[in-house]
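Novice:
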Amino acid sequence: MKAVGARLPRYDGIAHVTGRTVFVDDVRIPGTLWVKALRSPSHHAKITKLDTEPAERMKGVHAVVTHKDVPLNVYGHLSALGIPGDEPLLAEDVVRYKGQPIAIVAAESEELARAAVEAIVLSLDEQPALFDIRKAFDPDAPQVHHWGNWYPHFEAEMDRRQIRKGDIDAAFDQADTIVQGVYRPAAIEHVPLETQVCQVVPEPNGRLTIYSCTQALYFSMGVVAAHLQQPLNKFKFVGGTVGGGFGGKVDTATETMCCLLALKSGKPVKWRWTREEEFLCSSTRAPWHMEIADAVSKDGWILGRKMLTLHDSGAYCRFSPYGLTKHSFHHTGAYTIPNLSFDGYVVFTNRVPTTAMRGFGVTSVSFATETHLSRIAEVLGIDPFELRLKNANRIGDTSPNGVVYTDPSTVPTIQAIADSLGHELPGEYRAMTPAQREGQWLPDHLVSQLGNPEEH
Amino acid sequence: MNLTVNGVEREVESAPLTPLLFVLRDELEIESPKAGCQQGGCGACTVLVDGEPRRSCLTPVVTVEGSQITTVEGLGSAESLAPLQEAFTHHYAAQCGFCTTGMIVAAHAYIEHGGGEDREQIQHALGGHVCRCTGYVKIVDAIAAVARGDSFDLTLTAPSHDMTNVGGAK
Amino acid sequence: MTAAPEVLLPASADEAVSLFGDGTSVTVVGGGTIVMPEITYGRLTPTKALLLHRAGLDGVSRSGSTVTVGATTTVAALVGEAAPLGPCAANVADLEIRAQGTVGGNLCAGEGPEAPRGDLQGALLALGATVRSAGAGGITTEPLEEFLPKRSSRLVLDVSFEEPAAGAFAALDRPHAHTYTALAVSAVRTKEGAVRLAATGVGWWGTRLPSAEALAGDHEAAGKAALNDVNLHDDALASAWYRERTLPVLVRRALAQLEEAS
Amino acid sequence: MATHKGRGVSAIEYPTGMNQNGDPSQAWIKIKPDGRVDVFAGTSDIGNGSKTIQSQIVAETLGVPYDWVTYDNSNTDSSPVCTGTFASRATFVAGMAVKKAAEKARERILEIASKELEIDPADLDVADGEVFAKGSPQKKISVADVAAAATWTYGELITGTGAQLKPYAEIVDPETGRVDLPPHSAISYAACAAEVEVDDETGQVTVTRLVSCFDVGRAINPTLVEGQIEGGAVQGLGLGVLENCYPYYPSVEHRGAQFGSYLAPGMEDLPKLETLIIENPSADGPYGAKGIGEMANNPQPPAIAAAVYDAVGVWVTELPITPERVLRALEAKAEPRREGKLVSFDEELSVNAIGGGALRFEVSA
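Chains as they are written, first to last, in our numbering: chain Y, 1 to 456; chain L, 457 to 626; chain V, 627 to 888; chain S, 889 to 1253.
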């Protein structure tokens, strides 16, 4: 029988329903130490004193690790993409968000590890904190990041991501109406049912076996290897069975620290985040601030779009520059808009760093641009299905960065929704296909943006 | 202290206030109840205590001394699946699988108490169980199917000789 | 490592009272739904834990028109009661938590870390319930209003109320089975014809709404007046602003329900 | 009190694979002496079903039953590179890697079968675990016998390796954002309709129905695709009306640290979900598949926002659309500012007014 297209049973289905799937927390290793972290109680502060000795002296505490124990404490997870590192594995002289790890301990029980964390002496000099990305650019805003309050290292050391296409000023001159709006989706949690969890076993041959819930075994192995400055054959990542991820388990939030504790103590260690840590200290989806102004004609063509995006990156950049770039590439949504001017900034604040989450970079822009389109339909008095179909991207149209669309399905998906709701479309919209534009669907303003789909 | 877990009487040494969840997982090595939140908020740790669904993370072990504890292991096995296990498999009601065991145990109590196939009733009965993957649709489908008495053709199977897991087959 | 707490397992109400003593350093564990996470998360390290599951403090009894609810009666056991208590109990958390959480715990539930707890307090305040409790000074019986401020040092034995002529319960829609109610209003018409109103979610424990009661004949006016009786706060579930807008709505809805039920 | 009903729509697109590409996945396959198949890949299954999908792709490509395939993603010693399970790449990119590995193994199977059957490999096909001559299927040999022959007669191990990598698309002009290569592997599309009920006194929004249509390229396993769409729809519901780490954003006060105060959607929040799948195959995906896992939670929030407007006539453009935000909007009853040809909805939020002039976002009317 055919395997592709068939509703074959899940490979892991029987294991899941019988409770026999083994997640990281279910791996039993005798003699394992519990890990807990000393986390910053402050949103922004200088560390004036950090004394781990009282914890180290406690009976049953086998290792305490601070930034001094990390061979390469600051490593950029996306350095391969030209995004430099800014985030220390363990805080050095400053903490920039509440919950930031400062020191980690391994002890013989969870309770003891918690007590050891409490025994560490920490003194902080509180600094002014910044939470509002809209205020980050104010001259008197507190500086919250050593690079400044927004990411300055895009290509050519630009401090923003730009998209320019066509002639934006001409489009706004020609417009009958300009519709402007602001969109602000919230930070949300990934909420995997399995919290971050890791176990590390130091093997007799000097290798480390890392039981990990990472969504990306090799990526996380690369991160650990970089921090520890060791070759990949020093590590064996074991995992591949993850209790939900949604983007948050790309962060490699526990593995490196557990390796350091396993090496220092010479014993297996385990770190299972509490649900409260997961809610309060794990990275989130980013909050965004998006302003859109669309130049539209009275018959419903979108002639041009200006957009300004502020991405709340939290205290460090993690994957945010990547997310903003992806966001910019998709800021026209499923439509063809020939004239564009986009500026986007990755802005630092004193909240938990934000990271990838399902739909990374695009969930925000889909909300903004689609809600904006609904408003345009309302302003112009045009059926929202027809407005969308009219501007839908078609074969041969070009994307914001000049790439030709070869197989867009915007038209059939919209038609399918209209059908399922029993929404009557006029004949010309019912008959529309994604085929290359012609006739009434190729007005003058869309001619110059056309590309050749055969070349791609 | 003695507990009867999945029909087998077990002696336990954990301190009396220890949550049943950790007695099961850490002392008895019955790992199907999951430590999803330890706040009573997610249902991943739900087990049956004398047939009633209980959050094992909220239950001091001493309060269930002498009770019959049932986990998903006690409902059926890979070789002999319980109807709900068949239904969850057939309907793809598990994605990551982490909430699944708690869901099945709670659904078992729902069915045993005469619950029917009405979707709202199922959603109400299992309303405290969080699943982040499935959107719940297929979970409700599976429970409704069992309530209706559907039977499932599971002759078409995935390879059961190997369950790739963290750390290999168990 | 801290020593495991001493666990006290009374087999009768009398024994529970005697083991509780004046309550000093005793942590009472009813259903465990509130206490257990605190212990697990290391915020509460009991030296003595009094577990009530075998103390025989559960059950609902009726004597004439007086209803007495034992302290370890589960919230689930109240779901079938008349309004406002039944619907209020049904609105607490989810099926499994209701089957585990107890009335005593709900009354003694203090300031939750993120939102007010103790959803039943509103219904029982509206019912004019009295609480029988043990602790320093022996066993006392007092109105719930007077009990609430001292709840952390008392052991609840039972709570009693007179069956009302009619009752009503209105709450904000709960978007998720685990939330504490952001705001709820209970209303009661007593057999003598008086209207009693109370709310939860308008402060850190249940609150009577005397100003609203005084204007109960005019639902709109009563709703507005209710704002005089409360200290609204921001929390994880709702802002003071939002509670200010919706408390009058819920008072109005509860009074309308009450009128229908009467 | 009045409950108002409304309906809204949206249409979206989303790239498959990492933006700008450059994200490799690799796999290798070996065939046991009885023809059973071991697949080694480094793709984590986070519940999305990549173990199943990749096993199906291998079974299809090799022409063997699904339950002959054993899939091992358990560790980095035995499995090669996979950049990871994110960016909707587990089916599209990693699935392509296992397909290529299976194609190589299939070639070896046909070569050995060719020796056994004395038929040119080009004239052979394989299905249901048997290699047969095209046009005369009675001339056949089971894959099991081929594997046995490889092992015991020819002294060979049948393997195949595969790697998928689309080259990194450089931004060649940072002023305009132009790229030198397509920055995506494929683009998937979806449209959605939301129906809501809004209580105009409490502001409560209840989403009653979500209809979604996704172009999935090719549904390798239709039930798993439905599962992604349904799961995504409920996360989209959370984004739209429930979830918020910072209820008083930008303030960090009152963050919820419990399931009791962080409102991940529960079973009782479930609207009626309807899922439509259309298949417009991608030239670059395994069997035409695209990846839709991530975008599955993107179309609901704007459709819900439009539905709320349809119901009560206010635009709530901060997510989630909480009861409080609805009430505030109803109280403000803000009309857009109209000046010349400008229709401006959200003055007060604009960074025009803030930022000390460092950012300017000017729209000439």
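For every residue, glycine included, the Cβ atom is placed at its ideal position computed from N, Cα and C.
Bear in mind the structure is a predicted one, so any value in this text is a computation, not a measurement.
1. Give the secondary structure of Y:Ser448 by DSSP, where H, G and I count as helix, E and B as strand, and everything else as coil.
2. Please state whether the Cβ-Cβ distance between Y:Ala156 and S:Pro1062 is less than 7 angstroms.
3. Give the C-beta separation of Y:Lys326 and Y:Val362 to the nearest angstrom, bearing in mind that I take them to be a contact with Cβ-Cβ under 8 angstroms.
4. For the segment 1137-1164 of chain S, which residues have a beta carbon sitting closer than 7 angstroms to at least one beta carbon of chain L?
5. How would you label L:Gly623, buried or exposed, when you count the other beta carbons within 10 angstroms and need 16 or more for buried?
6. May I ask you to report which of helix, strand or coil DSSP gives L:Phe544?
7. Considering only DSSP beta bridges, list what L:Gln494 is partnered with.
8. Pull up the distance between the alpha-carbon of Y:Thr530 and that of Y:Pro101, whole angstroms please.
9. Apart from the five residues just before and just after Y:Pro231, which ones in its own chain have a Cβ nearer than 8 angstroms to its Cβ?
10. Only counting the same chain, and skipping five residues up and downstream in sequence, which positions put a Cβ closer than 6 angstroms to that of S:Ala1038?
11. How long is the line joining the alpha carbons of L:Pro489 and L:Cys587, rounded to whole angstroms?
12. Identify each residue in the segment 652-675 of chain V for which the Cβ-Cβ distance to at least one residue of chain Y is less than 7 angstroms, and report them in chain order.
13. Of the choices Y:Val22, Y:Pro185 and Y:Asn205, whose alpha-carbon is the least far from that of S:Asn1186?
14. List in chain order: all unbroken alpha helix (DSSP H) runs of 4+ residues lying wholly within the segment 631-661 of chain V.
15. Would you please state the rounded distance, in angstroms, between the beta carbons of Y:Ala286 and Y:Tyr97? I believe it to be under 8 angstroms.
16. Just to confirm, are V:Ala880 and V:Ala796 a CB contact at a threshold of 7 angstroms?
17. Given a threshold of 16 other Cβ atoms within 10 Å of its Cβ, counted over all protein chains shown, does L:Gln494 qualify as buried or as exposed?
18. Tell me whether Y:Asp138 sits in a helix, a strand or coil according to DSSP, three-state version.
19. Could you tell me the alpha carbon to alpha carbon distance between S:Val981 and S:Ala929, rounded to whole angstroms?
20. Nearest to S:Ala993 by CA position, among S:Gln942, S:Pro1153 and S:Val946, is which residue?
21. Report the rounded CA-to-CA distance for L:Pro472 versus V:Val718, giving the unit in angstroms.
22. My assumption, with CB atoms under 8 angstroms, is that Y:Ile188 sits in contact with S:Asn1132. Please give the rounded CB distance.
23. Within 7 angstroms of any Cβ in chain S, is that where the Cβ of V:Leu721 sits?
24. Of all the residues that make up the segment 1119-1131 of chain S, which are near chain L by a beta-carbon distance shorter than 8 angstroms?
25. How do the segment 1136-1150 of chain S and the segment 374-394 of chain Y stand: do at least 3 beta-carbon pairs fall below 8 angstroms, yes or no?
26. At least one CB of chain L closer than 7 angstroms to the CB of V:Ala630: is that the case?
27. Could you give the uninterrupted runs of the alpha helix (DSSP H) lying entirely in the segment 1027-1072 of chain S, keeping only those of 4 residues or more?
28. Between the segment 1191-1221 of chain S and chain Y, which residues of the former have CB atoms less than 8 angstroms from a CB of the latter, in chain order?
29. Checking the sheet assignment: what are the DSSP bridge partners for Y:Met307?
30. Can you tell me where the alpha helix (DSSP H) with L:Ile599 in it begins and where it stops?
31. With DSSP run on the structure shown, which of helix, strand or coil describes Y:Ser366?
32. Between the alpha carbons of L:Gly496 and V:Arg724, how many angstroms are there, rounded?
33. Taking the alpha-carbon of L:Met559 as reference, which of L:Gly584, L:Gly522, L:Ser523 and L:Ala491 has the nearest alpha-carbon?
34. For the beta strand (DSSP E) containing S:Ser1232, list its first residue and its last residue.
35. Is the separation between the beta-carbon of V:Pro672 and that of V:Pro631 shorter than 7 angstroms?
36. Starting from Y:Trp271 and walking both ways along the beta strand (DSSP E), at which residues does that stretch end?
Specialist: For this structure:
1. coil
2. yes
3. 6 angstroms
4. Gln1146, Phe1147, Gly1148, Ala1152, Gly1154, Met1155, Glu1156, Leu1158 and Leu1161
5. Confidence at L:Gly623 is low in this model, with a pLDDT of 44, below 50, so the placement of that residue should be treated as unreliable; the coordinate-derived value is given next. With 16 or more Cβ atoms within 10 Å of its Cβ, L:Gly623 is classed as buried.
6. helix
7. DSSP lists no partner for L:Gln494.
8. Residue 530 of chain Y lies beyond the residue range present for chain Y, which begins at 1 and ends at 456; the question has no answer from this structure.
9. Ala225
10. Ile1000, Glu1044 and Ile1046
11. 14 angstroms
12. Tyr667 and Gly668
13. Y:Pro185
14. 639-646
15. No, Y:Ala286 and Y:Tyr97 are not in contact; Cβ-Cβ is about 14 angstroms, not under 8 angstroms.
16. yes
17. buried
18. coil
19. 12 angstroms
20. S:Val946
21. 28 angstroms
22. 7 angstroms
23. no
24. Gly1119, Gly1120, Ala1121, Val1122 and Gln1123
25. no
26. yes
27. 1031-1036
28. Ala1191, Ala1193, Ala1194, Tyr1197, Trp1203, Thr1205, Glu1206, Leu1207 and Pro1208
29. Y:Ile292 and Y:Phe342
30. Val593 to Arg604
31. helix
32. 11 angstroms
33. L:Gly584
34. Leu1230 to Ser1232
35. yes
36. Val269 to Arg272
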